[in-house]
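Only one structure is covered here, and it is reproduced in the block below.
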């Protein structure tokens with residue numbers, strides 16, 4: 001069912017410093033910051049040859065990563081995203097096994113303008129998993 | 001400097017259950033468990049089309065992930081591994097910027113029989129980073 005690892009998302013307390021770290025110290029190709037107010041984050045994309053790392057910084061009052069950064073002031077890996085071909089089929093299969101889909105269970109349009117769902121970390125080895133329809 | 005994302009390592013409290021989750025629920029291709037006594041872990045490799053997820057379970061008294069699982073009983077993402085072409089050049093460049101290399105700073109032979117180093121999470125947005133010479 002799952003295909004490629006689409007990205008690893010890292011919440012960072014200082015987006016400029018994290019961008020410089022990946023660009024200058026680690027020598028990776030990084031994007032300009034992309035504001036995503038609908039998702040409550042500003043994102044810098046780190047382009048690796050086979051996948052992406054996304055550096056996430058809170059944007060606005062209701063950012064979904066503000067609480068994470070309060071608990072993890074240095075930052076940390078926030079979630080991983082796997083691609084699926086058919087997100088509704090994936091959701092139904094997962095729900096049939098008892099896995100919990102976050103929110104109302106309906107796919108939302110994610111940061112890449114594709115349908116996404118998030119799965120409960122407790123059902124996936126303490127790991128917040130995003131599924132994105134590729 | 002960094003190349004491909006070689007793997008994402010997830011520490012899991014129950015290796016059989018985590019393997020079944022990735023194989024049966026998420027529909028991924030998984031390996032048999034591989035004992036790595038020198039690294040204090042048993043590993044199941046989840047083969048994705050573009051990279052790997054490694055499910056790590058403690059092996060032996062001095063496992064480097066036992067403490068992590070004590071703090072995170074459900075499991076969690078333990079580290080991410082980036083490939084580099086020349087690990088000594090990478091290390092020297094990183095040290096020159098003030099980034100801390102764990103241990104004595106000399107590359108060790110890692111789980112894939114290639115030289116690896118680990119970088120201090122506090123210097124990398126709360127993320128334990130492994131570098132592997134590809």
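Residue numbers (UniProt numbering), protein chains in the order written: chain A, 1 to 134; chain B, 1 to 134. Heads up, the beta-carbon is just placed ideally off N, CA and C, and yes, glycines get one too.
* To do: Give me the Cα-Cα distance between residue 80 of chain A and residue 37 of chain A, rounded to the nearest whole angstrom.
  => Here the alpha carbons of residue 37 of chain A and residue 80 of chain A stand approximately 20 Å from one another.
* Return the bridge partner residues of residue 11 of chain A from the DSSP annotation. => Here residue 11 of chain A is bridged, per DSSP, to A/56 and A/76.
* Asked: For the stretch 99-125 of chain B, which residues have a beta carbon sitting closer than 9 Å to at least one beta carbon of chain A?
  -> Within the stretch 99-125 of chain B, the residues whose Cβ lies closer than 9 Å to some Cβ of chain A are 99, 121, 122, 123, 124 and 125, listed in chain order.
* Asked: What is the residue span of the beta strand (DSSP E) that residue 131 of chain A lies within?
  -> Here the beta strand (DSSP E) through residue 131 of chain A covers 129-133.
* Residues of its chain near residue 102 of chain B, where Cβ-Cβ distance is below 8 Å and the 5 sequence neighbours each way are ignored -> Once the five neighbours on either side are set aside, the close Cβ partners of residue 102 of chain B are 117, 118, 119 and 120.
* Stretch-stretch touch, CB-based, cutoff 8 Å, three pairs: the stretch 39-48 of chain B with the stretch 57-71 of chain B -> Segments in contact, yes.
* Quick one: Cα of residue 108 of chain A to Cα of residue 72 of chain A, how far? -> Their backbone Cα atoms lie some 26 Å apart in a straight line.
* Spatial distance of residue 92 of chain B from residue 11 of chain A (CA atoms) -> Their Cα atoms are separated by approximately 27 Å.
* To do: Determine, using beta carbons only, whether residue 95 of chain B comes closer than 8 Å to chain A.
  => For residue 95 of chain B, no CB of chain A lies under 8 Å from its own CB, so it is not counted at the interface with that chain.
* To do: Measure from the alpha carbon of residue 125 of chain B to the alpha carbon of each residue in A/6, A/1 and A/16, then state which is nearest.
  => Per the Cα distances, A/16.
* **Proximity to residue 105 of chain A [Cα-Cα], best of A/89, A/113 and A/25** => With distances taken between Cα atoms, residue 105 of chain A lies closest to A/89.
* Measure the alpha-carbon distance for residue 76 of chain A versus residue 114 of chain B and round it to whole angstroms. => The straight-line gap from Cα to Cα measures roughly 26 Å.
* Between residue 111 of chain A and residue 26 of chain A, what straight-line distance do the alpha-carbon atoms span, to the nearest angstrom? -> Cα-Cα distance, rounded: 25 Å.
* Rounded to whole angstroms, what's the CA-CA distance from residue 47 of chain B to residue 6 of chain A? Just pull it up for me. => Approximately 14 Å between the Cα atoms of the pair.
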